[in-house]
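A.B. asks:
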Amino acid sequence: MKKRWGVRIWRWSIITVVGAYLIVPLYAMFDFSTKPFGFQDKGRTLRAWQIIPSQQDLMISIARSLITAGIVMSLILFLIVPTAIWVHLKLPLLRRPFELLCLLPLAIPAIVIVVGIAPLYRWISIHLTESPITLSGVYSMLILPYTYRSLSAALDAVDIHTLAEAARTLGANTSRVIFGIIMPTIKTGIVNGSFIAIALVMGEFTISNILNYKTFQVVIAQIGRTNGNVAVAVSLASILFVLVILLAIPTKKRRSAVLDVDLV
Amino acid sequence: MSSSTYVQLVDLAKHFGKVRALDGLSLDIAQGELVALLGPSGCGKTTALRALAGLQELDRGQLIVDGKDVTFQSASKRGMGMVFQAYSLFPHMTARENVEYGLKLKTHKTAGDKRKARSAELLELVGLSTHANHYPHQLSGGQQQRIALARALAISPKVLLLDEPLSALDAKVRTQLREEIRRIQMELGTTTLFVTHDQEEALSIADRVGVMRNGQLEQIAAPSELYDRPKTSFVAEFVGLTNPISGKVSGGSIEILGSVVKTLPGSVTSGTGIALVRPESIDVVASKSGNAKVAAASFLGASCRLNITMNDGAKVTAQLPSSDAAGIGAGATVSVSLLDMPVFVKAAG
Numbered sequence: 386m387k388k389r390w391g392v393r394i395w396r397w398s399i400i401t402v403v404g405a406y407l408i409v410p411l412y413a414m415f416d417f418s419t420k421p422f423g424f425q426d427k428g429r430t431l432r433a434w435q436i437i438p439s440q441q442d443l444m445i446s447i448a449r450s451l452i453t454a455g456i457v458m459s460l461i462l463f464l465i466v467p468t469a470i471w472v473h474l475k476l477p478l479l480r481r482p483f484e485l486l487c488l489l490p491l492a493i494p495a496i497v498i499v500v501g502i503a504p505l506y507r508w509i510s511i512h513l514t515e516s517p518i519t520l521s522g523v524y525s526m527l528i529l530p531y532t533y534r535s536l537s538a539a540l541d542a543v544d545i546h547t548l549a550e551a552a553r554t555l556g557a558n559t560s561r562v563i564f565g566i567i568m569p570t571i572k573t574g575i576v577n578g579s580f581i582a583i584a585l586v587m588g589e590f591t592i593s594n595i596l597n598y599k600t601f602q603v604v605i606a607q608i609g610r611t612n613g614n615v616a617v618a619v620s621l622a623s624i625l626f627v628l629v630i631l632l633a634i635p636t637k638k639r640r641s642a643v644l645d646v647d648l649v
Numbered sequence: 009m010s011s012s013t014y015v016q017l018v019d020l021a022k023h024f025g026k027v028r029a030l031d032g033l034s035l036d037i038a039q040g041e042l043v044a045l046l047g048p049s050g051c052g053k054t055t056a057l058r059a060l061a062g063l064q065e066l067d068r069g070q071l072i073v074d075g076k077d078v079t080f081q082s083a084s085k086r087g088m089g090m091v092f093q094a095y096s097l098f099p100h101m102t103a104r105e106n107v108e109y110g111l112k113l114k115t116h117k118t119a120g121d122k123r124k125a126r127s128a129e130l131l132e133l134v135g136l137s138t139h140a141n142h143y144p145h146q147l148s149g150g151q152q153q154r155i156a157l158a159r160a161l162a163i164s165p166k167v168l169l170l171d172e173p174l175s176a177l178d179a180k181v182r183t184q185l186r187e188e189i190r191r192i193q194m195e196l197g198t199t200t201l202f203v204t205h206d207q208e209e210a211l212s213i214a215d216r217v218g219v220m221r222n223g224q225l226e227q228i229a230a231p232s233e234l235y236d237r238p239k240t241s242f243v244a245e246f247v248g249l250t251n252p253i254s255g256k257v258s259g260g261s262i263e264i265l266g267s268v269v270k271t272l273p274g275s276v277t278s279g280t281g282i283a284l285v286r287p288e289s290i291d292v293v294a295s296k297s298g299n300a301k302v303a304a305a306s307f308l309g310a311s312c313r314l315n316i317t318m319n320d321g322a323k324v325t326a327q328l329p330s331s332d333a334a335g336i337g338a339g340a341t342v343s344v345s346l347l348d349m350p351v352f353v354k355a356a357g
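Chains A and B supply the protein sequences, listed in that same order. For our numbering, count along the first sequence from 1 and bump the result up by 385. For our numbering, count along the second sequence from 1 and bump the result up by 8.
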């Protein structure tokens with residue numbers, strides 16, 4: 386019994402430390418956002434929070450970042466996932482080079498990517514559109530290391546070759562095999578990859594700031610220069626907002642019936 | 009069962025680098041027949057099956073099913089039902105959805121009701137109606153392979169292809185399921201090609217068994233003929249156990265263990281040869297003036313296996329009904345003779 390108590394105490398202390406590590410900064414943000422910041426404020430105030438909806442720039446930037454995240458997600462689903470499946474299924478020799486290529490954005494600092502990509506975006510903004518949504522192009526490159534890793538792990542965990550062959554003998558063509566059989570099988574990997582992608586798009590600052598696009602994080606930084614309380618309130622709101630989005634993404638759980646393993 | 013040829017594999021060849029997986033394999037299968045391909049690993053049996061399924065391209069050869077050349081037809085259009093060695097049920101679908109999958113693709117116009125009726129019928133056939141709404145991870149290995157069988161049969165395949173479907177299962181389930189496969193196959197009359205490395209499995213359920221070696225068919229015959237009248241030494245040695253006993257061959261007979269027995273066609277015709285004698289062809293009788301001694305006896309239930317050392321030092325293994333072996337234990341002196349069954353004789357050395 387003594388040993389059990391020891392384990393329990395140890396477990397709870399770890400949970401407390403990790404929990405504190407995550408929650409204390411968030412609480413500090415909340416605390417700061419409710420501090421008085423004008424002459425009219427006496428004591429605690431929620432004015433910083435109340436101001437948020439009136440910041441037009443902010444609302445537009447949230448919408449833009451969400452649209453960008455949506456585009457990045459569809460690029461993942463319709464481009465990166467089928468490509469990863471194709472490489473695993475048909476081009477095993479290309480697996481290593483493909484993996485290396487996907488890891489590159491991690492090795493190259495964002496600032497270097499910006500310098501390289503700036504002329505392209507200059508051309509885009511002059512000849513096509515100035516919309517920050519075009520950033521989805523560079524973002525879908527930035528997310529590659531994370532999404533590809535999680536997809537690759539999911540693909541390695543199942544025997545996709547046999548599943549694909551079984552589906553083919555039953556009459557499925559290549560697109561049915563990829564979209565109807567393999568993608569649902571590696572659903573968890575796709576969802577995990579998409580989570581990371583959304584979080585990255587909503588939180589990206591360096592590239593959009595240097596390329597002079599008003600994305601969510603850039604606008605928060607701008608507000609922060611004029612009113613710290615509002616900036617912190619918005620940051621906290623954005624964290625909670627992304628959290629809600631991530632939780633809202635449908636992840637249909639397998640119906641868990643009683644596991645009955647008969648002999649045959 | 010009609011004896012007309014339904015499936016023809018003509019002169020199939022396939023190389024993987026320097027390895028010849030198929031080297032001029034030809035095989036005819038009659039409608040409704042169950043043919044098993046048996047052979048050691050790497051003999052090309054699975055390659056042949058996959059080629060027929062359309063999952064393996066060939067270097068050379070022709071595949072004809074029901075009078076049509078399907079050599080270049082894609083796997084999705086061939087209408088072959090296949091059960092794989094590895095568990096291959098789609099993990100995100102229930103057992104019923106798995107069975108209905110092929111029907112959904114095949115017949116867009118078929119009403120859902122008809123599909124449901126068909127899947128219910130097949131689940132019933134494999135004895136898993138009560139598991140229709142289970143997901144693959146909720147089923148045992150044997151159950152998964154039954155569902156895979158139902159799924160393959162749902163599309164009313166031209167040929168049912170079984171790629172060692174039982175090898176991942178434990179012995180008892182394996183025996184049960186192979187009998188069930190045979191029952192269902194006979195019931196539906198589905199032409200079936202079954203690939204296995206387990207000779208007991210092949211001999212027990214197939215109409216004909218083809219023994220493969222180095223990408224070629226060594227011999228194809230009914231199980232009993234394959235066992236009793238092998239045409240090559242490889243078949244004699246691969247299927248069942250044999251005692252290699254050397255003796256003198258002349259005029260279609262060989263003299264071994266003091267008896268003269270006929271040799272099978274394909275055997276060595278003269279000089280010294282090595283007869284490949286089945287353990288059940290050796291007769292053992294307890295006798296004080298016998299020509300051999302029992303080194304070890306193992307009881308196998310219905311039969312008994314005796315390891316015998318002849319007086320000249322040669323070692324043979326005999327297998328006889330337990331009732332006949334009563335009283336013959338290790339150390340007993342026995343007299344050994346041969347039953348009058350033709351044997352295959354290979355060249356000495």
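Ideal Cβ positions, reconstructed from N, Cα and C, are used throughout, including at glycine. Here the structure is a predicted model, which is why all the values come from computation and not from measurement.
#1: Can you tell which of B:Asp-19, B:Val-276, B:Glu-41, B:Ala-21 has the C-alpha that lies nearest to the C-alpha of Gln-193 of chain B?
#2: So Thr-554 of chain A and Ala-83 of chain B are in contact, right, with Cβ under 8 Å, and what is the actual spacing, rounded?
#3: Here's the rule: buried if 16 or more other CB atoms are within 10 angstroms of the residue's CB, otherwise exposed. What is Leu-632 of chain A?
#4: Between which two residues does the alpha helix (DSSP H) harbouring Pro-530 of chain A extend?
#5: May I ask which residues mark the beginning and end of the alpha helix (DSSP H) holding His-23 of chain B?
#6: Count Cβ pairs between the stretch 522 to 541 of chain A and the stretch 469 to 485 of chain A that sit closer than 8 Å; are there 3 or more?
#7: Note down, in chain order, each residue of its chain lying with its Cβ closer than 6 Å to the Cβ of Pro-422 of chain B, except the 5 sequence neighbours on either side.
#8: The alpha helix (DSSP H) that contains Gln-602 of chain A, what's its start and end?
#9: How far does the beta strand (DSSP E) with Asn-251 of chain B in it extend, from its first residue to its last?
#10: Have a look at B:Gly-260, B:Ser-254, B:Pro-273 and flag the residue whose alpha-carbon is nearest the alpha-carbon of Gly-266 of chain B.
#11: Look at Thr-600 of chain A and Pro-517 of chain A and say whether their C-beta atoms are less than 8 Å apart.
#12: Are three or more beta carbon pairs between the stretch 60 to 70 of chain B and the stretch 16 to 36 of chain B nearer than 8 Å?
#13: In the DSSP assignment, find the unbroken beta strand (DSSP E) run with Pro-329 of chain B in it and report its ends.
#14: Going by CA-CA distance only, name the one from B:Ala-128, B:Gly-87, B:Pro-238 that's closest to Ala-160 of chain B.
#15: Going residue by residue through the stretch 176 to 205 of chain B, where are the continuous alpha helix (DSSP H) segments of at least 4 residues, counting only ones entirely within it?
#16: Whether or not the stretch 341 to 356 of chain B and the stretch 257 to 275 of chain B are in contact is what I'm after, with contact meaning three or more pairs of Cβ atoms, one per stretch, closer than 8 Å; do they touch?
#17: Determine, using beta carbons only, whether Ala-283 of chain B and Val-344 of chain B come nearer to each other than 8 Å.
#18: Can you say whether Asn-597 of chain A is buried or exposed, counting buried as having 16 or more other CB atoms within 10 angstroms of its CB?
#19: So Met-444 of chain A is in the alpha helix (DSSP H); what residue range does that whole segment cover?
#20: Quick one: which chain A residues come within Cβ less than 7 Å of Ser-330 of chain B?
#21: Tell me, please, whether the CB atom of Leu-170 of chain B is closer than 8 Å to any CB atom in chain A?
#22: Please return the same chain residues whose Cβ sits closer than 6 Å to the Cβ of Glu-288 of chain B, not counting the five positions on each side in sequence.
#23: Using a C-beta to C-beta distance shorter than 8 Å, which residues of chain A count as neighbours of Met-90 of chain B?
#24: Going along the chain, which residues of its own chain have a beta-carbon closer than 7 Å to the beta-carbon of Asp-178 of chain B, five neighbours each way excluded?
#25: Using the Cα positions of Leu-513 of chain A and Leu-520 of chain A, report the straight-line distance between them to the nearest angstrom.
#26: What are the residues in the stretch 532 to 544 of chain A lying within 8 Å of chain B by C-beta distance?
#27: With 8 Å as the threshold, decide whether the Cβ of Asn-614 of chain A is near any Cβ in chain B.
#28: Straight-line CA distance for Leu-474 of chain A to Ala-176 of chain B?
#29: Kindly list, in the order they appear in chain A, the residues whose Cβ is closer than 7 Å to that of Ser-84 of chain B.
#30: Roughly how many whole angstroms lie between the Cα atoms of Arg-640 of chain A and Pro-530 of chain A?
#31: For my contact list, Ala-303 of chain B and Asn-315 of chain B are in at a C-beta cut-off of 8 Å; report their separation, rounded to the angstrom.
#32: Looking at the structure shown, is Arg-640 of chain A part of a helix, part of a strand, or coil, going by DSSP?
#33: Assign Ala-454 of chain A to buried or exposed, taking buried as 16 or more other Cβ atoms, counted over all protein chains shown, within 10 Å of its Cβ.
#34: Out of A:Trp-397, A:Ile-605, A:Glu-484, which one is the CA nearest neighbour of Met-444 of chain A?
#35: Got a sec, what are the start and stop residues for the alpha helix (DSSP H) Met-101 of chain B sits in?
#36: Identify the continuous alpha helix (DSSP H) that holds Met-587 of chain A and give its terminal residues.
C.D. replies: In brief:
#1: Cα-wise, what sits closest to Gln-193 of chain B is B:Glu-41.
#2: The pair is a contact, with the Cβ atoms about 6 Å apart (cut-off 8 Å).
#3: Counting C-beta atoms within 10 angstroms of its own C-beta, Leu-632 of chain A has fewer than 16 neighbours from the protein chains shown and is therefore classed as exposed.
#4: From DSSP, the alpha helix (DSSP H) with Pro-530 of chain A extends over 529 to 542.
#5: Element bounds for His-23 of chain B: not the alpha helix (DSSP H) but the beta strand (DSSP E), 13 to 24.
#6: Enough Cβ pairs lie closer than 8 Å, so yes.
#7: The shown model of chain B, from 9 to 357, leaves out residue 422 of chain B, and the question about it has no answer.
#8: Annotation for Gln-602 of chain A: the continuous alpha helix (DSSP H) segment containing it runs 601 to 611.
#9: Per DSSP, Asn-251 of chain B is one residue of the beta strand (DSSP E) stretching across 251 to 258.
#10: Out of B:Gly-260, B:Ser-254, B:Pro-273, the CA that lies nearest to the CA of Gly-266 of chain B is found in B:Ser-254.
#11: The criterion of a C-beta distance shorter than 8 Å is satisfied by Thr-600 of chain A and Pro-517 of chain A.
#12: With a cut-off of 8 Å, the stretch 16 to 36 of chain B and the stretch 60 to 70 of chain B count as touching, because enough Cβ pairs lie within range.
#13: For Pro-329 of chain B, the uninterrupted beta strand (DSSP E) run begins and ends at 323 to 329, by DSSP.
#14: Here the closest residue by C-alpha is B:Gly-87.
#15: The qualifying runs are 179 to 196.
#16: Flag = yes, the stretch 257 to 275 of chain B and the stretch 341 to 356 of chain B touch.
#17: Against a cut-off of 8 Å, the Cβ pair of Val-344 of chain B and Ala-283 of chain B comes out as no contact.
#18: Burial call: exposed.
#19: In the DSSP assignment, Met-444 of chain A falls within the alpha helix (DSSP H) that extends over 441 to 460.
#20: Contacts between Ser-330 of chain B and chain A, judged by CB atoms closer than 7 Å, are missing: the closest CB pair is about 29 Å apart.
#21: Residue contact with chain A for Leu-170 of chain B: absent (no Cβ-Cβ distance below 8 Å to any residue of chain A).
#22: Close CB contacts of Glu-288 of chain B within its chain, under the 6 Å cut and outside five residues either way in sequence, are with Gln-327 (chain order).
#23: In chain order: Glu-550, Ala-551, Thr-554.
#24: There are no such residues.
#25: Computed Cα separation, rounded: 13 Å.
#26: For the stretch 532 to 544 of chain A, which is checked against every Cβ of chain B, the residues closer than 8 Å are Val-543, Asp-544.
#27: Closer than 8 Å: no.
#28: Across the structure, Leu-474 of chain A and Ala-176 of chain B are spaced so that their CA atoms are roughly 23 Å apart.
#29: Correct list: Arg-553, Gly-556, Ala-557, Asn-558.
#30: Legend: pLDDT at Arg-640 of chain A = 38, less than 50; position of this residue unreliable, value from coordinates given subsequently. Cα-Cα distance, rounded: 32 Å.
#31: Right, the Cβ-Cβ distance comes to about 5 Å (below 8 Å), so this counts as a contact.
#32: With a pLDDT of 38 at Arg-640 of chain A, under the threshold of 50, the predicted position of this residue should be treated as unreliable, and no value is reported.
#33: Around the beta carbon of Ala-454 of chain A, 16 or more other beta carbons sit within 10 angstroms, so the residue counts as buried.
#34: Closest by alpha carbon: A:Ile-605.
#35: Boundaries for Met-101 of chain B: no alpha helix (DSSP H) harbours it, and the DSSP string shows neither H nor E there.
#36: For Met-587 of chain A, the enclosing alpha helix (DSSP H) stretches over residues 572 to 588.
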